[in-house]
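*Asks:*
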Amino acid sequence: PTEQIPQSDLKPNGNKRKTIVILGSGWGSITTLKHLDTSLYNVIIVSPRNYFLFTPLLPSVPTGTVDVKSITDPVRTVARATPGQVLYLEAEATDVDPVSKKVTIKHKSNSMTFGEAMINEEEPIITTVDYDYLVFGVGAQTTTFGIPGVAENASYLKEAHDAVVIRQKIFNSIEAAQLLPVGSEERKRLLSVVVCGGGPTGVELAAEVKDYIDQDLSRWLPGIEKEMTVTLVEALPNVLNAFNQKLIKYTEEVFKRQELDLRTNTMVKKVDRKNVYAVHKNASGEQESIAIPYGTLVWATGNGPREITKSLASKIEEQKTARRGLLIDAYLKVDGSDSIYALGDCTFTKNPPTAQVAHQEGIFLASHFEKLSKIDDLQYSIKTETEADKLDKLNRRLERAKASLRPFEYVYQGSLAYIGTERAVADLVWGDFSNVSTGGSLTFLFWRSAYVSMILGVRSKILVCFDWLKVGIFGRDCSKE
Ligand code: FAD
Ligand code: NAD
99 PTEQIPQSDL KPNGNKRKTI VILGSGWGSI TTLKHLDTSL YNVIIVSPRN YFLFTPLLPS
159 VPTGTVDVKS ITDPVRTVAR ATPGQVLYLE AEATDVDPVS KKVTIKHKSN SMTFGEAMIN
219 EEEPIITTVD YDYLVFGVGA QTTTFGIPGV AENASYLKEA HDAVVIRQKI FNSIEAAQLL
279 PVGSEERKRL LSVVVCGGGP TGVELAAEVK DYIDQDLSRW LPGIEKEMTV TLVEALPNVL
339 NAFNQKLIKY TEEVFKRQEL DLRTNTMVKK VDRKNVYAVH KNASGEQESI AIPYGTLVWA
399 TGNGPREITK SLASKIEEQK TARRGLLIDA YLKVDGSDSI YALGDCTFTK NPPTAQVAHQ
459 EGIFLASHFE KLSKIDDLQY SIKTETEADK LDKLNRRLER AKASLRPFEY VYQGSLAYIG
519 TERAVADLVW GDFSNVSTGG SLTFLFWRSA YVSMILGVRS KILVCFDWLK VGIFGRDCSK
579 E
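Position one of the sequence shown corresponds to residue 99 (this note's numbering), numbered consecutively onward.
#1: Compute the beta-carbon to beta-carbon distance between Thr-299 and Glu-332, rounded to the nearest angstrom, for a pair I have assumed lies under 8 Å.
#2: Between Val-119 and the ligand FAD, is the CB less than 7 Å from at least one heavy atom?
#3: His-378 by DSSP, collapsed to three states: which one?
#4: Shorter than 7 Å, the distance from the beta carbon of Leu-358 to the closest heavy atom of the ligand NAD, or not?
#5: Checking the sheet assignment: what are the DSSP bridge partners for Phe-634?
#6: Applying the 10 Å Cβ sphere with the 16-neighbour rule, what's the burial state of Ser-106?
#7: Given 7 Å as the limit, tell me if Cys-294 has its C-beta closer than that to any heavy atom belonging to the ligand FAD.
#8: Classify Lys-344: buried if its beta carbon has 16 or more other beta carbons within 10 angstroms, exposed otherwise.
#9: Span of the beta strand (DSSP E) holding Ser-290?
#10: Taking Ala-522 as part of the beta strand (DSSP E), name the residues at either end of that continuous run.
#11: Measure the alpha-carbon distance for Thr-100 versus Val-227 and round it to whole angstroms.
#12: Identify, in the order they occur along the chain, each residue of the same chain with its Cβ nearer than 6 Å to the Cβ of Val-293, setting aside the five sequence neighbours on each side.
#13: Using CA atoms only, rank isn't needed, just tell me which of Lys-469, Thr-202, Ile-143, Ala-398 is closest to Arg-178.
#14: What do you reckon, is the C-beta of Leu-543 under 7 Å from a heavy atom of the ligand NAD?
#15: Here's the rule I'm using: 16 or more other beta-carbon atoms within 10 Å means buried, otherwise exposed. How should Thr-175 be labelled?
#16: Classify Gln-511: buried if its beta carbon has 16 or more other beta carbons within 10 angstroms, exposed otherwise.
#17: Taking Tyr-186 as part of the beta strand (DSSP E), name the residues at either end of that continuous run.
#18: Which whole-angstrom value is the C-beta distance of Leu-289 and Met-326, which I expect to be below 8 Å?
#19: Span of the alpha helix (DSSP H) holding Asn-251?
#20: Buried or exposed, going by whether 16 or more other CB atoms sit within 10 Å of the CB of Ser-577?
#21: Is any heavy atom in the ligand FAD found nearer than 7 Å to the beta carbon of Asp-443?
#22: Checking the sheet assignment: what are the DSSP bridge partners for Thr-327?
#23: In three-state terms, what does DSSP make of Arg-285?
#24: Pairing CB atoms from the region 517-529 with CB atoms from the region 351-365, are three or more of them under 8 Å?
#25: For Gly-321, count neighbouring Cβ atoms within 10 angstroms of its own Cβ and tell me buried if that reaches 16, exposed if not.
#26: CB Ala-191 to CB Val-184, shorter than 8 Å?
#27: For a test of the three-state rule: what should DSSP assign to Leu-503, helix, strand or coil?
#28: With DSSP run on the structure shown, which of helix, strand or coil describes Lys-418?
#29: With a threshold of 7 Å, establish whether the CB of Pro-222 neighbours any heavy atom of the ligand FAD.
#30: If you pair each beta-carbon of the region 303-318 with each one of the region 399-417, do three or more pairs fall below 8 Å?
#31: Measure the C-alpha to C-alpha separation of Lys-408 and Ala-275 and round it to an integer number of angstroms.
#32: Counting Cβ pairs closer than 8 Å, one from the region 378-398 and one from the region 254-265, do we hit at least three?
#33: Buried or exposed: which applies to Trp-528, given that a residue is buried once 16 or more other Cβ atoms fall within 10 Å of its Cβ?
#34: Heavy atom of the ligand NAD less than 7 Å from the Cβ of Leu-514, yes or no?
#35: Near Ser-535, what residues of its chain come up, given a Cβ to Cβ distance below 6 Å and the 5 sequence neighbours on each side ignored?
#36: I'd like the list of long-range same chain contacts for Leu-360, defined as Cβ closer than 6 Å, with 5 residues on each side in sequence excluded.
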């Protein structure tokens, strides 16, 4: 596929144009692509998802507060806006050979539903791409901690498709429940939505679903708000553990007021088709086993490394201790490799696995590659230069270019989370000293404006604002799709 790139193999100065292969189309990879001067390299981006997904608004999708299309940006649109030529391949990397600098890729689409018949499953399309530099940004996957029954029965909230599945499960359960007598145990079970994991993903989803029931479904199905339950299960004593204590307490109060059933100190041990089985530790430390029936179950207990990340780690001696993600240096270079850079959730660093970190790393990496290109060009010119004074100048420029390579530094800008009933919590940082922890309706407005400013494309910014306006005027609908 490298030959398909219509860009010349040589740069205008005659130096060879190196190839960067970017794996993934998430926060880290797309930010790198967006900020990279793609005229300096041959750029190939490989991802089973042909769009970027703005994950911070994903919890708003199952309820229809935001349309899934509004928070996606096609990879090709991003690629076309860069100065050079970029080749996008819809595939997943199945193997990386760090010695021969080759990635094996297999055709795969994240949303393979229609058109599947055209692709021969028995003869999958597999090919390889060579790289000079590899940008490894494959993210992470939701971890189940091997808890029995989770993988078979729960939905996750990681991809656009997950949000659609959650909506369909909620509606399948609601519609089925209408056939059963009010008060029956089976009807109660079907009308129970259980979210496991009280991190920001679980909190925001539970809050959105509860809003949807109270504000919209109650209009279409009067009385459903009294029957339908939303339960949030968290193993630790509090939800939102990365937030300030004051905001944790505020969130718990808001949940209580809106009758969202919060079960803290409750560790899920097993799941079957109808129940979540957990151990609850009470105030005196005694443990009791409980079962929570569900019609819809969402699992949001955090991240674990993908198979491709574990496979790459197993091939590099310096990565032998990398259990939770790739180990990288201050320039995002994978320890033990001279040509693989990794960023975002597939790495294990002192920074949290957030979009904020992956985004800043992407900006850093794009600028780092520009500096590497300059260094490479100077080294090429030095090799071909014969005049002594010109050579001297070039050497000095090379020293300066090398000195311009600075390590990555993460700047924490704060955390935000939606907690329901048009309230949000925010842990904000201004400058070096001032931290502000705030929660409520004004924070909700701040949350909305901050998220709009974070959205990468103008089109998506406008679409999201229109979605909010539409919901403000007409409410959210109750169709299954
Ligand atoms: P991702 O964005 O997950 O992208 C990984 C990419 O790799 C995807 O395109 C995927 O298709 C692709 N890929 C996977 N396997 C392969 C393969 N084998 N070969 C090639 N490509 C592959 N963070 C915040 O800072 N603020 C928030 O408000 C926030 N809200 C969130 C809400 C939700 C519901 C979720 C799930 C996460 C949220 N996060 C938030 C966390 C944030 O989304 C992640 O930290 C961020 O997406 C990490 O970026 P990434 O580029 O490492 O991975
Ligand atoms: P998380 O790791 O932040 O939280 C998972 C929660 O699940 C933890 O509180 C953990 O105690 C709990 N848990 C684990 N096993 C359990 C079990 N068996 N039973 C009950 N509870 C269990 O995961 P997340 O919420 O998916 O977030 C992942 C990353 O994405 C984090 O870095 C987070 O900051 C980021 N994120 C940020 C936002 C935001 O800023 N608004 C939103 C979503 C995600």
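Here a beta-carbon is modelled for each residue, glycine too, at the ideal position from N, C-alpha and C.
*Replies:* Well, looking at it:
#1: Position 201 of the sequence shown, counted from the start, is the residue given in the question as residue 299. Position 234 of the sequence shown, counted from the start, is the residue given in the question as residue 332. About 12 Å; that fails the 8 Å criterion.
#2: For the purposes of this step, residue 119 is taken as the residue at position 21 of the sequence shown. Checking the Cβ of Val-119 against the ligand FAD gives no.
#3: Reading the sequence shown from its first residue, position 280 is the one you call residue 378. Note: His-378 maps to strand in three-state DSSP.
#4: As a first step, residue 358 must be located in the sequence shown, where it is residue number 260. Within the chosen limit of 7 Å, the ligand NAD does not reach the beta carbon of Leu-358 with any heavy atom.
#5: Nothing about residue 634 can be reported from this structure: the residues present for the chain run from 99 to 579 only.
#6: Sequence index remark: in the sequence shown, residue 106 carries index 8 (1-based). The residue is exposed, with fewer than 16 neighbouring Cβ atoms inside 10 Å.
#7: On the sequence shown, position 196 is the one that residue 294 refers to. No - the ligand FAD has no heavy atom lying nearer than 7 Å to the Cβ of Cys-294.
#8: Stepping through the sequence shown from its first residue, residue 344 is reached at position 246. Its Cβ having fewer than 16 others within 10 Å, Lys-344 is exposed.
#9: As a first step, residue 290 is located in the sequence shown; it is residue number 192 there, counting from the start. Per DSSP, Ser-290 belongs to the beta strand (DSSP E) from 290-294.
#10: Working through the sequence shown from its first residue, we reach residue 522 at position 424. From DSSP, the beta strand (DSSP E) with Ala-522 extends over 521-528.
#11: Mapped onto the sequence shown, residue 100 falls at position 2. Mapped onto the sequence shown, residue 227 falls at position 129. Because the pLDDT at Thr-100 is just 45, under 50, the model does not fix this residue reliably, and the value given afterwards should be weighed accordingly. Straight-line measurement puts the Cα of Val-227 at about 7 Å from the Cα of Thr-100.
#12: Counting from 1 along the sequence shown, the entry for residue 293 is found at position 195. Gly-300, Leu-303, Ala-304, Leu-330, Val-396, listed in sequence order.
#13: Taking the first residue of the sequence shown as 1, we reach residue 178 at position 80. For the residues Lys-469, Thr-202, Ile-143, Ala-398, the minimum Cα distance to Arg-178 belongs to Ile-143.
#14: The residue you call residue 543 lines up with position 445 of the sequence shown. No.
#15: As a working note, residue 175 is residue 77 in the sequence shown. Exposed, by the Cβ-count rule.
#16: Residue 511 sits at position 413 when you count from the first residue of the sequence shown. It counts as exposed.
#17: Here residue 186 is taken as the residue at index 88 of the sequence shown, counted from 1. It spans 184-195 - the beta strand (DSSP E) in which Tyr-186 sits, taken as one unbroken run.
#18: As a first step, residue 289 is located in the sequence shown; it is residue number 191 there, counting from the start. As a first step, residue 326 is located in the sequence shown; it is residue number 228 there, counting from the start. That pair is a contact at about 4 Å.
#19: As a working note, residue 251 is residue 153 in the sequence shown. Asn-251 -> alpha helix (DSSP H) spans 248-251.
#20: As a first step, residue 577 is located in the sequence shown; it is residue number 479 there, counting from the start. Exposed.
#21: Taking the first residue of the sequence shown as 1, we reach residue 443 at position 345. Under cutoff, so the answer is yes.
#22: Working through the sequence shown from its first residue, we reach residue 327 at position 229. BP columns for Thr-327 point to Ser-290.
#23: Here residue 285 refers to the residue found at position 187 when the sequence shown is read from its first residue. Helix at Arg-285.
#24: yes
#25: One-based indexing of the sequence shown puts residue 321 at position 223. Its Cβ having fewer than 16 others within 10 Å, Gly-321 is exposed.
#26: As a working note, residue 191 is residue 93 in the sequence shown. As a working note, residue 184 is residue 86 in the sequence shown. Annotated as distal: Ala-191 and Val-184, with beta-carbon spacing of 8 Å or more.
#27: Position 405 of the sequence shown holds residue 503. In the structure shown, Leu-503 sits in coil (DSSP, three-state: anything other than H, G, I, E or B).
#28: One-based indexing of the sequence shown puts residue 418 at position 320. Here Lys-418 sits in coil by DSSP.
#29: Here residue 222 is taken as the residue at index 124 of the sequence shown, counted from 1. With a cutoff of 7 Å, Pro-222 does not count as near the ligand FAD, since its C-beta is closer than that to no heavy atom of the ligand.
#30: no
#31: Position 310 of the sequence shown, counted from the start, is the residue given in the question as residue 408. Position 177 of the sequence shown, counted from the start, is the residue given in the question as residue 275. Their backbone Cα atoms lie some 43 Å apart in a straight line.
#32: yes
#33: For the purposes of this step, residue 528 is identified with residue 430 of the sequence shown, where counting begins at 1. Trp-528 should be labelled exposed.
#34: For this step, residue 514 is matched to residue 416 along the sequence shown. Yes, the ligand NAD has a heavy atom inside 7 Å of this Cβ.
#35: Counting from one through the sequence shown, the residue named residue 535 turns up at place 437. Counting only Cβ-Cβ distances below 6 Å, and skipping sequence neighbours, we find Asn-342, Lys-344, Leu-345, Asp-525.
#36: In the sequence shown, residue 360 corresponds to position 262, counting from 1. The beta carbon of Leu-360 lies closer than 6 Å to those of Leu-330, Phe-353 in the same chain, with the five residues before and after it left out.
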